[in-house]
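S.K.: The structure follows.
Numbering (this note's numbering), first residue to last: 1 to 314.
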């Protein structure tokens with residue numbers, strides 16, 4: 001019938017990019033969604049090698065993996081970085097399936113969508129840094145929080161291995177953990193690792209969720225945040241150092257006051273006023289003045305400098 005919908009019309013109406021190639025990877029079909037996603041018109045794309053048109057440099061290794069699966073009659077699905085016409089890259093979720101005739105591969109149909117758009121609502125609201133990993137630990141998406149928490153740039157992370165972010169001593173253990181994560185779907189207990197952040201090594205808590213079988217995600221979600229345990233320990237150590245400094249400062253002040261009481265016959269309050277007056281007239285801190293007194297440096301205060309005694313707690 002004349003009003004029957006053709007296959008080409010159906011493919012053109014699909015909201016996701018649909019690209020068909022021959023077995024060698026030469027593009028033979030390119031729908032409207034592919035034009036919007038990749039920036040190439042169908043006229044420009046048809047007849048070109050799909051790898052040269054859409055695959056970024058960091059995603060080139062995926063092509064071999066896809067073709068191997070299709071030759072074995074297995075559809076391939078996963079995330080990897082792709083390239084637009086203007087040269088910009090973005091993470092894509094791609095599903096490729098072979099078209100076979102009498103057991104022979106006749107062509108390849110690929111459906112792709114912007115992985116960032118698909119999972120952004122799930123990950124960008126998290127206060128943790130979120131990474132989406134392939135089964136081989138290559139990053140296909142990074143949330144904005146990676147820059148705030150660790151100083152990493154989103155674009156430079158895509159296409160790199162998460163292992164490269166780790167301290168050498170932590171890589172073997174995390175490698176074993178990732179193998180277990182990939183083998184078992186669902187959430188896994190967090191692990192503490194050292195990551196390169198802000199030109200230093202910092203402890204982070206990494207938790208993984210295997211969503212490789214989820215058609216929306218097709219990856220391993222990794223949440224990273226500064227290790228709560230390590231942060232608490234660092235705060236406690238800082239507080240101890242602050243208390244030790246305060247005690248040392250107070251001890252030096254009391255020693256200096258005692259020295260002046262014994263030498264000049266003044267009261268402790270008057271001694272403190274002398275120390276404070278000397279500090280003000282010489283643009284020094286009271287602690288520095290007291291340290292000099294304790295070290296034996298003579299203290300000469302103007303006659304009217306300590307006329308009005310104050311309180312010791314100043």
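In this text, a Cβ means the ideal position worked out from N, Cα and C, and glycines have one as well.
Which runs of the beta strand (DSSP E) fall wholly inside the region 183-224 and span at least 3 residues, in chain order?
M.R.: Taking only runs of at least 3 residues, the beta strand (DSSP E) segments lying wholly in the region 183-224 are 191-197, 200-211.
S.K.: Kindly identify the DSSP beta-bridge partner or partners of residue 139.
M.R.: According to DSSP, residue 139 bridges with 133.
S.K.: Please list, in chain order, all residues of the same chain as residue 142 whose beta carbon is under 6 Å from its beta carbon, the five residues on each side excluded.
M.R.: Excluding positions up to five away in sequence, the list reads 131, 154, 157.
S.K.: Please classify residue 96: does DSSP put it in a helix, a strand, or coil?
M.R.: Here residue 96 sits in strand by DSSP.
S.K.: Going by C-alpha distance, which of 52, 108, 197 is nearest residue 82?
M.R.: Answer by Cα proximity: 52.
S.K.: Helix, strand or coil: which one does DSSP assign to residue 83?
M.R.: Strand.
S.K.: Can you check the region 8-45 for any beta strand (DSSP E) of at least 3 residues that lies completely inside it and give the ranges in chain order?
M.R.: Fully enclosed beta strand (DSSP E) runs of 3 or longer: 17-21, 27-30.
S.K.: What does residue 90 pair with, by DSSP beta-bridge criteria?
M.R.: Paired residue(s): 82.
S.K.: Report back the beta-carbon spacing between residue 37 and residue 114 to the nearest angstrom; my notes put them in contact at under 8 Å.
M.R.: 7 Å between Cβ atoms; contact.
S.K.: Using only CA atoms, which one of 12, 163, 24, 184 lies nearest to residue 174?
M.R.: Comparing Cα positions, the closest option is 163.
S.K.: By Cβ distance below 8 Å, which residues in the same chain neighbour residue 201 in space, the five residues on each side in sequence not counted?
M.R.: Closer than 8 Å at Cβ, skipping near neighbours: 167, 194, 195.
S.K.: For residue 226, which of helix, strand or coil comes out of DSSP?
M.R.: The answer is strand: DSSP assigns residue 226 an E or B state.
S.K.: So, are the CB atoms of residue 285 and residue 277 less than 8 Å apart?
M.R.: No, these two residues do not count as a Cβ contact at 8 Å.
S.K.: What three-state label does DSSP hand residue 55 in the structure shown?
M.R.: Residue state, collapsed to three classes: strand.
S.K.: CB-CB under 7 Å to residue 85, same chain, minus the five flanking residues each way: which ones, in chain order?
M.R.: Hits under 7 Å: 38, 39, 40.
S.K.: If you measure from the beta carbon of residue 289 to each beta carbon in chain B, is any gap under 8 Å?
M.R.: Absence of chain B from the displayed structure is noted, only one protein chain being present.
S.K.: When you compare the CB positions of residue 105 and residue 133, do they come within less than 8 Å of one another, or not?
M.R.: For residue 105 and residue 133, no; Cβs fall outside 8 Å.
S.K.: So residue 99 packs on residue 16, CB below 8 Å; how close in whole Å?
M.R.: The Cβ separation is near 18 Å, so there is no contact.
S.K.: Report the residue from 295, 214, 294, 255 whose alpha carbon sits nearest the alpha carbon of residue 93.
M.R.: When each option's Cα is compared against that of residue 93, the closest is 214.
S.K.: Give me the Cα-Cα distance between residue 199 and residue 152, rounded to the nearest whole angstrom.
M.R.: The straight-line gap from Cα to Cα measures roughly 10 Å.
S.K.: In angstroms, rounded to a whole number, what distance separates the CA positions of residue 246 and residue 190?
M.R.: Answer to the nearest angstrom: the Cα atoms are 38 Å apart.
S.K.: How big is the Cα-Cα spacing for residue 165 and residue 258?
M.R.: The straight-line gap from Cα to Cα measures roughly 56 Å.
S.K.: Could you give the first and the last residue of the continuous beta strand (DSSP E) run that contains residue 113?
M.R.: Where residue 113 is concerned, the enclosing beta strand (DSSP E) stretches over 104-114.
S.K.: For residue 299, name the three-state secondary structure that DSSP assigns.
M.R.: In this structure, residue 299 counts as coil in the three-state DSSP scheme.
S.K.: Cα-Cα, which of 128, 56, 291 is closest to residue 87?
M.R.: Taking only the C-alpha atoms, the option nearest residue 87 is 56.
S.K.: Taking residue 181 and residue 160 to be in contact with their CB atoms under 8 Å, please state how far apart those CB atoms are, rounded to whole angstroms.
M.R.: Between residue 160 and residue 181 the Cβ distance is about 18 Å, and since that is not below 8 Å, they are no contact.
S.K.: Whole alpha helix (DSSP H) runs in the region 261-298 with 4 or more residues, listed along the chain?
M.R.: Fully enclosed alpha helix (DSSP H) runs of 4 or longer: 268-281, 286-294.
S.K.: DSSP state of residue 72, grouped into three classes?
M.R.: Coil, per DSSP.
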